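Asks: Just so you know, numbering that gives the first Met the number 0 puts 123 at position 124 of the sequence shown, and the rest follows in order with no gaps. Just dropping this structure here.
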Amino acid sequence: MSEGAPLPSGLLLADKPAGWTSHDVVAALRRRLPKGVKVGHAGTLDPRATGLLVLLVGRATREASALLGLPKSYEGSIRLGVETDTGDLDGRVLKESPLPPSLGEEALREAFAKHTGEVELAIPSYSAVKHQGRPLYEYARRGVAVPERLRRSRIERFDLLAWAPPEASFRLACSSGTYVRAAAESVGRLLGCGATLSALRRTSVGFYLLEGARPVPELLSLDLPALAGRLLTPP
């Protein structure tokens with residue numbers, strides 16, 4: 000970028016691959032930009048999760064709080080009959096249970112329907128929510144028990160897409176701050192067999208859609224003018 004040129008600023012829609020943390024993506028993008036350009040994001044994705052990560056570049060980082068509050072939508076899969084300490088397949092298996100003979104598409108749809116509207120979900124022990132100044136995952140890693148806390152969320156839709164035992168694939172639209180892992184575990188408890196989240200892909204953040212995103216490695220391969228050309232103006 001030539002001397003005196005304006006520093007890049009705007010939103011960048013990235014398709015995060017599995018295995019990357021949201022911080023990994025932010026750090027990699029920061030290294031591609033001129034020194035001093037701030038980079039953030041509008042909502043964390045777990046390392047196992049893929050899909051839309053809205054990145055904030057330059058002055059757009061000032062919009063972080065507003066963008067963090069946007070509703071989200073996802074597609075994913077729940078594995079019934081398995082419970083883990085993290086609420087997903089990255090964790091240690093705590094319990095395995097047989098699936099109820101009556102478990103089928105109708106029972107799953109009913110369980111999903113009971114998780115729509117205003118719901119209270121347990122905050123996962125492996126999360127960045129803080130207790131006495133420290134993130135919960137630090138206590139979990141040390142095996143220290145912390146009182147369970149609930150978070151009120153709104154789930155606008157929770158649709159069953161397919162049932163191939165023990166996997167139930169779904170589409171979900173929810174308020175910001177909803178832990179989909181917690182929703183999966185709650186469904187498992189309701190059905191009496193336990194469950195864990197086996198896959199998750201974010202498809203939208205507010206009106207920003209995954210279809211408009213590019214894979215992270217592709218974005219990082221662009222030269223600065225091409226990268227700047229993909230920046231969107233914040234709302």
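C-beta atoms are modelled at their ideal positions from N, C-alpha and C, and glycine is treated no differently. Since we're looking at a predicted model, the values are computed, not measured.
Look up Thr202 in the DSSP assignment and say whether it is helix, strand or coil.
Replies: Three-state result, Thr202: strand.
Asks: Out of Val53, Tyr73, Lys94 and Phe169, point me to the one whose CA is closest to Val215's CA.
Replies: Considering only alpha carbons, the answer is Val53.
Asks: What are the partner residues of His40, as DSSP defines its beta bridges?
Replies: Note: His40 sits in a beta bridge opposite Leu54.
Asks: Under a three-way DSSP split, which group does Asp222 fall into?
Replies: Coil at Asp222, not helix or strand.
Asks: Kindly give me the distance between the Cβ atoms of Val81 and Gly193, rounded to whole angstroms, as I take these residues to be in contact under 8 Å.
Replies: Contact flag correct, Cβ pair sits at about 6 Å.
Asks: Can you name the start and end residues of the beta strand (DSSP E) that Ser8 belongs to?
Replies: Careful: Ser8 lies outside any beta strand (DSSP E) and carries neither H nor E.
Asks: Apart from the five residues on each side of it in sequence, which residues of its chain come closer than 6 Å, Cβ to Cβ, to Pro234?
Replies: There are no such residues.
Asks: Who does Cys173 pair with in a DSSP beta bridge?
Replies: Lys71 and Ile154, per the DSSP bridge assignment.
Asks: Confirm, please, whether the CB-CB distance from Gly39 to Ala63 is below 9 Å.
Replies: In contact: Ala63 and Gly39 (Cβ atoms closer than 9 Å).
Asks: How many angstroms separate the CA atom of Glu184 from the CA atom of Thr83?
Replies: Distance between the alpha carbons of Glu184 and Thr83: 9 Å.
Asks: If you draw a straight line from the alpha carbon of Thr115 to that of Lys15, how long is it in whole angstroms?
Replies: Thr115 and Lys15: Cα-Cα distance of roughly 27 Å.
Asks: Less than 8 Å between the CB atoms is what I'm expecting for Leu51 and Leu79, so what's the real figure, rounded?
Replies: Wrong, their Cβ atoms sit about 27 Å apart, outside the cutoff.
Asks: Taking the straight line between their C-alpha atoms, what separation do you get for Arg141 and Phe157?
Replies: Roughly 34 Å between the two C-alpha positions.
Asks: Tell me whether Arg78 sits in a helix, a strand or coil according to DSSP, three-state version.
Replies: In this structure, Arg78 counts as strand in the three-state DSSP scheme.
Asks: With a 10 Å radius around its C-beta and 16 neighbouring C-beta atoms as the bar for buried, classify Thr49 as buried or exposed.
Replies: By the neighbour-count rule (16 or more Cβ atoms within 10 Å), Thr49 is buried.
Asks: Name the DSSP bridge partner or partners of Asp87?
Replies: In DSSP, Asp87 forms a bridge with Leu196.
Asks: Going by beta carbon distance, what residues of the same chain come within less than 8 Å of Pro165, once the five residues before and after it are set aside?
Replies: Same-chain partners within the cutoff: Arg78, Leu79, Gly80, Val81 and Leu98.
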